[in-house]
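*Asks:*
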């Protein structure tokens, strides 16, 4: 059983930062309109004690998806962008809910570099780790080219 502080109304940011802390069969509850989600959006994880038990979602929230699906999405995201920011986590979840797709975050060097730079700025990744991760996906670039793309991402921001 989760401690009491883990059963209260939370934010998407908090839930998505550690989705593995919740049972896979629990429901993520969030506002119905995913396009308006942000890290500070109220959310909750709805636990059911018995299979088939009818439990209402908290006021203003709807059952969005099972936590096992959320856990898989966040796992996949962190494989592509270690230390992903809360904004990126929420954006990916929203896009998945509304469009039933998970974008290829490693398809374009500049895009991946921007996400990695954001992760470094947010404290979820170190600059050397960001460069190493970038090079794993774009190993055909020289070290100098990879450093140039990452530096451009750090300086340009989003």
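In this note's numbering, the protein residues as written are 185 to 342.
Heads up, the beta-carbon is just placed ideally off N, CA and C, and yes, glycines get one too.
Quantities reported herein were computed from a predicted structural model and do not represent experimental measurements.
(1) Considering only residues of the same chain and omitting the five flanking positions on each side of residue 247, which have a CB-CB separation below 7 Å?
(2) Does the Cβ-Cβ distance between residue 300 and residue 265 come in under 8 Å?
(3) Residue 239 by DSSP, collapsed to three states: which one?
(4) List the whole-angstrom C-beta distance separating residue 334 from residue 314, where the pair is believed to meet the contact cut-off of C-beta under 8 Å.
(5) DSSP three-state call for residue 194: helix, strand or coil?
(6) In terms of residues, what are the limits of the alpha helix (DSSP H) holding residue 295?
(7) Leaving aside the five residues before and after residue 252 along the sequence, list all residues of the same chain whose C-beta is less than 6 Å from its C-beta, in chain order.
(8) Following the continuous alpha helix (DSSP H) through residue 311, name the residue where it begins and the one where it ends.
(9) Please report the straight-line C-alpha distance between residue 281 and residue 311, rounded to a whole angstrom.
(10) Quick check: residue 297 and residue 337, are their CB atoms within less than 8 Å of each other?
(11) Over what stretch of residues does the beta strand (DSSP E) that includes residue 247 continue unbroken?
(12) Would you decide whether residue 232 is buried or exposed? Buried here means 16 or more other CB atoms lie within 10 Å of its CB.
(13) Identify, in the order they occur along the chain, each residue of the same chain with its Cβ nearer than 7 Å to the Cβ of residue 203, setting aside the five sequence neighbours on each side.
(14) Thinking C-alpha only, which one of 322, 324, 305 and 326 is nearest residue 340?
(15) Between residue 244 and residue 308, is the Cβ-Cβ spacing less than 8 Å?
*Replies:* Looking at the atomic coordinates:
(1) 211, 213, 230 and 241
(2) yes
(3) coil
(4) 6 Å
(5) strand
(6) 293-305
(7) 208
(8) 311-321
(9) 32 Å
(10) yes
(11) 246-250
(12) exposed
(13) 251, 254, 255 and 258
(14) 305
(15) no
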